[in-house]
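Protein chains: 2
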Amino acid sequence: MTTLNDIAKHVGVTTTTVSWVLNNRQKEKRISPSTCQRVRQAAQDLDYRPSFSAQSLAKGKTSSFGLVCGGLAYPFFAEMIDFAMHETRQRNHHLLLAATGWKLEAELEAFEMLLTRGVDGIMMYSNAVTPQTDQYRYIHRQQFPTVILGQKSGDLPLIQTDFMPGMMQAVEHLKKRGCRSVGYVGHWPASREKFPCFEQACQYHGMQASKWPCQTPHESVLATSREFAHHRNRPDAAIIIADNSAIVFMQGLFQEGLRVPDDVAVIGSDDISIGQYINPPLTTIARSSEMIVTQALDWLVEMTQQKKLLLGAELCVPTRLVVRQSA
Amino acid sequence: MTTLNDIAKHVGVTTTTVSWVLNNRQKEKRISPSTCQRVRQAAQDLDYRPSFSAQSLAKGKTSSFGLVCGGLAYPFFAEMIDFAMHETRQRNHHLLLAATGWKLEAELEAFEMLLTRGVDGIMMYSNAVTPQTDQYRYIHRQQFPTVILGQKSGDLPLIQTDFMPGMMQAVEHLKKRGCRSVGYVGHWPASREKFPCFEQACQYHGMQASKWPCQTPHESVLATSREFAHHRNRPDAAIIIADNSAIVFMQGLFQEGLRVPDDVAVIGSDDISIGQYINPPLTTIARSSEMIVTQALDWLVEMTQQKKLLLGAELCVPTRLVVRQSA
DNA sequence: ATGAAAGCGCTAACAT
DNA sequence: ATGTTAGCGCTTTCAT
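As given, the protein sequences belong to chains A and B, one line each in that order.
Per our numbering, residue 14 is the first one in the first sequence, and the count goes up by one each step.
Per our numbering, residue 14 is the first one in the second sequence, and the count goes up by one each step.
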C-alpha cells in the first residue's frame, strides 16, 4: 500500500508538501508547479489511494452521516434510502446504512456502531432512542447531531408524519363513495400513530370502524384478507397500513371472489411508485419521503456546523389522499 | 470525546491495559479482575466509544466490505441488498453501499471511494472494471479481494447469471400455450446478456422473435406497451426485462383493452416478491439473489484470509421459469 | 500482572 | 516555496 511518505521519498519532498498538493492547496501554500506535477505523477505511478482512516483520525471528522432504519425490503424505504444516498452525496457526505430488522435492541446497537465509526450525524428512523436510554443522554452531553424520524423523544430534533389529513380525506372519500364501514388492516407497533388517526377520522365522519390486525409478512396479510372477506359483517372498505400490504390484501380479496372497489374499496398508504401501475391502480394516502430526508439532512448539516443540537426542532410532514381506482 | 487515555488516567493504569480489558484479552494478558472491573466502570462512566478510524488505522483493516450497485429503487436490488447486509453482519463485517445510478463513471468512482475507505473487499454489481482500467490493474497488483457480479472481466472472480435455462423454459411454455410470436421488452445495455438468450431460445423453439426497446422509467415502458398493443403484427406474448417493468407493461395492455394472458401472455424476470400478489400473478424467470450474495461474500472472506485473489473463480447462477397466471 | 514505546497514514501549526 | 514537529486514538511488541 502506497502512502504519502512513499510519494514524498520518491519525489524528494516531505509528506506535508505532498499532502498539500494532493489536497489542491498549491495556490494557498505556494507550491511550485513543477513540484505539483512531479507529485501528481508519482501518486499516479505508485497507485496511491488516500487512507480514509488516517484522514479522519487526523481531521477529527468523517464526512459521513448514518441512517438507521428497519430494512430495505419495503419499497417506500428503498426509495427513501435511494433518495437519501443521492442527497447525502450532494452535501459532500457519504451515507452509512444500518438495517435493523425493526428490532429495538438492534436499533440501539446500530446507533452505537455508527457512533463508533465516527459519523458526523445520525438519522434514526426508529423510536428506540427514548429519554431513558444511554444514547439519549450521550446525544445531549456531546451535542451529537441527531434527527429522529418517528415519534417525539424529549427535545431531540424530530421529523414526524401527520397522518391526520390523509386519513380524513380517505374516510371522507369512502363516505362519498357510499361506504358505511371501514376496516383498518395493519401490524403493531407500526400502527401506533396511524391507527388513532384512523379512529378519529371515522368518528368525525360517522363511519363505522373496525380493526384487522395482521403481521408484516405477506402470508399474514393474505390470511387477514380472507378472514375479512368471509366475515359476516364485512366492511365495505379497507385502509391498509402500507401499499405493499394493500396489494397483497387486494389479491386475497380477488381470490375470494370479491371485486375492488365494487365489493370492497381499498386504500393503501405511502404511495410507492408501482402502486399506480397495478390493477386496479391503488388509491393511497401519500407522504413525501423527499421532504423527510431533505429536512433531516439540512438539520444535520446545520448542527454539525454549529456544533450544537437544534433542540426542540420539529417538522410535521403532511399526508394527502391520492385517488386512483381501488377506492 | 473520551479516549482510552482518559480512561487510563482515570483508573491509574496505562492505555495498553485499558485496551486489553476492553478487547477482552484479560485472560490471555492476565489482568487482575479488580483492574478489569474498574476499567469497565470508568468506560461506562465516561461514555467511552472506541474510535473506528484509530482502530482500523492501527490494525490495518476495517472489517467491512463494499457493494457497488446501480440503486435501490428496483425491488430485486433492494431485496438483494437487504439480504447482503444481513449476511455481511453474519460474517462479522459491515456493508458499505455505493449507489451509482448505473453510470459507468460513477461506478469506478464508487470503487475508488470504497478503496479509500479501506474496505477489505468489494462486490461490483457492474461491468465497469474492464481489463483496460486502472482499477483492474490495482486489483491484480494488490491482490485486492474483488468479486464481479456481472460479465466476465479478465480473470477476476465472477458471478454470472445464466439466463439461458429460464429463457428456454419461458419460450417453451409460451409455445405450449399456443403462442406463435413473442416480443422482448427491455432497455440497453442492461439487455446485453438477456437478449441473446432470448433470441437463441426463440430460434430453438421456432418462435417468431421481435425486439421492443424502451428506457428504464415506468413512463417509457408504458409508451412501449401501447406501441406494442397497437402494432399490426402484435406478438401474442411478451418477455420483459424486469418484473417491475412487466407490471407496468401489463397495465399498459389493460389500458388498451387487452387481456393478459388471453390476448398477450406476459413473462417477467427476477421474481420480485410482490409479483405473485398482483393481478394476474406474474409468471417470471426467477433467479436467486441469495446464491449470488452468499457466494460473493464467501469468496471475499476467503480472499481476505489467503491474501490473494481467487483468479478465474466462476459461478454461474441458473434461472428457472416460475409459472403463475400472466402466461 | 502491567508499562513503555513505537507506529499506523495523515493533517496542521509553526518554522525557515 | 518547502521543512519540522507534534499529534489524532488505538494496537502491539517487548520489557519488567
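We put the beta carbon where it would ideally sit given N, CA and C, even for glycine.
Going by beta-carbon coordinates alone, are B:R150 and A:D60 separated by less than 9 Å? Position 137 of the second sequence, counted from the start, is the residue given in the question as residue 150 of chain B. Position 47 of the first sequence, counted from the start, is the residue given in the question as residue 60 of chain A. In this structure, B:R150 lies near A:D60, with their beta-carbon atoms less than 9 Å apart.
Using only the alpha-carbon positions, how far apart do B:K189 and B:Q182 sit? As a working mapping, residue 189 of chain B is identified with position 176 in the second sequence. As a working mapping, residue 182 of chain B is identified with position 169 in the second sequence. Cα to Cα, the separation comes out at about 10 Å.
Using beta carbons (cut-off 9 Å, strictly below), is A:F78 in contact with chain B? Taking the first residue of the first sequence as 1, we reach residue 78 of chain A at position 65. No, no contact with chain B.
6 Å Cβ shell around A:S166 - same chain, five flanking residues per side excluded: Numbered from 1 along the first sequence, position 153 holds the residue referred to as residue 166 of chain A. Same-chain partners within the cutoff: V142 and T143.
Is any beta-carbon of chain A found at less than 9 Å from that of B:D276? Against the second sequence, residue 276 of chain B aligns to sequence position 263. Taking Cβ atoms only, chain A never reaches closer than 9 Å to B:D276, which makes this a no.
Could you tell me which of B:S258, B:Q264, B:P293 and B:T75 sits nearest to B:P274, measuring between CA atoms? Taking the first residue of the second sequence as 1, we reach residue 274 of chain B at position 261. Per the Cα distances, B:P293.
Apply the 10 Å Cβ neighbour rule to B:R272 and answer buried if 16 or more other Cβ atoms are within range, or exposed otherwise. What you label residue 272 of chain B is simply residue 259 of the second sequence in a count that begins at 1. The residue is exposed, with fewer than 16 neighbouring Cβ atoms inside 10 Å.
Considering only residues of the same chain and omitting the five flanking positions on each side of B:F96, which have a CB-CB separation below 7 Å? As a working mapping, residue 96 of chain B is identified with position 83 in the second sequence. Setting aside the 5 residues that flank it on each side, B:F96 is surrounded in the same chain by S302, E303 and V306, each with a C-beta closer than 7 Å to its C-beta; the list follows chain order.
Apply the 10 Å Cβ neighbour rule to A:R300 and answer buried if 16 or more other Cβ atoms are within range, or exposed otherwise. Residue mapping note: residue 300 of chain A aligns to position 287 of the first sequence, counting from 1. With 16 or more neighbouring CB atoms inside 10 Å of its own CB, A:R300 falls in the buried class.
Whether A:H231 touches B:S69 by CB criterion (9 Å): Here residue 231 of chain A corresponds to residue number 218 of the first sequence, with the count starting at 1. Here residue 69 of chain B corresponds to residue number 56 of the second sequence, with the count starting at 1. No, they are not a contact pair.
Taking only beta-carbon atoms, is B:M263 less than 9 Å away from chain A? Working through the second sequence from its first residue, we reach residue 263 of chain B at position 250. With 9 Å as the cut-off, B:M263 counts as an interface residue toward chain A.
Would A:A250 pass as a contact of A:G288 if the rule is Cβ separation under 9 Å? The sequence position of residue 250 of chain A within the first sequence is 237, counting from 1. The sequence position of residue 288 of chain A within the first sequence is 275, counting from 1. For A:A250 and A:G288, no; Cβs fall outside 9 Å.
Name the DSSP bridge partner or partners of A:A119? Along the first sequence, one-based indexing puts residue 119 of chain A at 106. According to DSSP, which records beta bridges pairwise, A:A119 is partnered with nothing at all.
Taking DSSP as the reference, what is the three-state secondary structure of B:P46? One-based indexing of the second sequence puts residue 46 of chain B at position 33. B:P46: helix per DSSP, three-state reduction.
Is the CB of B:M136 under 9 Å away from at least one CB in chain A? Locating residue 136 of chain B in the second sequence gives position 123, counting from the first residue. False, the Cβ-Cβ gap to chain A never drops below 9 Å.
Quick one: which residues of the stretch 243–264 of chain B get their C-beta closer than 8 Å to a C-beta of chain A? List them in chain order. N257, I260, V261, M263 and Q264
Just checking: is the beta-carbon of A:I5 within a distance shorter than 9 Å of some beta-carbon in chain B? No statement about residue 5 of chain A is possible, as the shown extent of chain A runs from 14 to 340 and does not include it.
B:T159, enclosing beta strand (DSSP E) - first and last residue: One-based indexing of the second sequence puts residue 159 of chain B at position 146. T159 to L162 is the span of the beta strand (DSSP E), which, as asked, contains B:T159.
Could you have a look at A:V132 and say whether DSSP puts it in helix, strand or coil? Along the first sequence, read from residue 1 onward, the residue named residue 132 of chain A stands at position 119. Residue state, collapsed to three classes: coil.
For B:M125 and chain A, any beta-carbon pair shorter than 9 Å? On the second sequence, residue 125 of chain B is found 112 positions in, with the first residue counted as 1. The question names Met, but residue 125 of chain B is Glu in the sequence shown. A Cβ of chain A is located within less than 9 Å of the beta carbon of B:E125.
Would you kindly work out how many angstroms separate the C-alpha atoms of B:A214 and A:H107, rounded to a whole number? Counted from its first residue, the second sequence places residue 214 of chain B at position 201. Counted from its first residue, the first sequence places residue 107 of chain A at position 94. For B:A214 and A:H107, the distance between alpha carbons rounds to 44 Å.
Cβ-based neighbour list, A:A343, same chain, cut-off 7 Å, excluding 5 preceding and 5 following: No statement about residue 343 of chain A is possible, as the shown extent of chain A runs from 14 to 340 and does not include it.
Simplified DSSP state of A:E269, which is helix, strand or coil: By one-based count along the first sequence, residue 269 of chain A stands at place 256. DSSP places A:E269 in coil when its eight states are reduced to three.
Cβ-Cβ distance between B:K321 and B:Q156 below 9 Å: Start at 1 with the first residue of the second sequence, and residue 321 of chain B comes out as number 308. Start at 1 with the first residue of the second sequence, and residue 156 of chain B comes out as number 143. Contact: yes.
When you compare the stretch 50–58 of chain A with the stretch 18–27 of chain A, are there three or more beta-carbon pairs, one atom per stretch, that lie closer than 8 Å? yes
DSSP on B:K72, reduced to helix/strand/coil? Translated into the one-based positions of the second sequence, residue 72 of chain B becomes position 59. B:K72: helix per DSSP, three-state reduction.
Tell me which residue opens and which closes the alpha helix (DSSP H) that A:E327 is part of. Residue numbering aside, residue 327 of chain A sits at position 314 when the first sequence is read from its first letter. Run containing A:E327: none in the alpha helix (DSSP H); it sits in the beta strand (DSSP E), E327 to P331.
Please confirm whether B:S77 and B:L121 have their CB atoms less than 9 Å apart. To locate residue 77 of chain B, count along the second sequence from 1; it is residue 64. To locate residue 121 of chain B, count along the second sequence from 1; it is residue 108. For B:S77 and B:L121, no; Cβs fall outside 9 Å.
Neighbourhood of B:L127 by C-beta, 8 Å cutoff - its chain only, sequence neighbours within 5 removed: Translated into the one-based positions of the second sequence, residue 127 of chain B becomes position 114. Leaving aside the five residues that flank B:L127 on each side, the residues in its chain whose CB is nearer than 8 Å to its CB run, in chain order, G79, V81, L109, A111 and I135.
May I ask you to list, following chain order, the residues of the stretch 163–187 of chain B that have a beta carbon less than 7 Å from some beta carbon of chain A? none
The stretch 222–237 of chain B touching the stretch 252–270 of chain B, judged by at least three CB pairs closer than 8 Å: Yes: the two stretches touch, three or more of their Cβ pairs being nearer than 8 Å.
Inter-residue Cα distance where the pair is B:E315 and B:I152: The count along the second sequence starts at 1 and reaches residue 315 of chain B at position 302. The count along the second sequence starts at 1 and reaches residue 152 of chain B at position 139. The alpha-carbon atoms of B:E315 and B:I152 are separated by roughly 16 Å.
Taking any Cβ of chain B, which residues in the stretch 89–103 of chain A have a Cβ under 7 Å from it, in chain order? If the cut-off is 7 Å between Cβ atoms, the stretch 89–103 of chain A has A91, E92, I94, D95 and M98 near chain B.
State yes or no: is the beta carbon of A:G131 nearer than 9 Å to at least one beta carbon in chain B? Here residue 131 of chain A refers to the residue found at position 118 of the first sequence. Chain B contact via Cβ: present.
Would you mind giving the Cβ-Cβ distance between A:S282 and A:D256, rounded to the nearest angstrom? I have them listed as a contact below 8 Å. For this step, residue 282 of chain A is matched to residue 269 along the first sequence. For this step, residue 256 of chain A is matched to residue 243 along the first sequence. Correct: roughly 6 Å between the Cβ atoms.
Check the DSSP bridge columns for A:V335 and list the partner residues they point to. In the first sequence, the residue the question calls residue 335 of chain A occupies position 322. According to DSSP, A:V335 bridges with A:T297.
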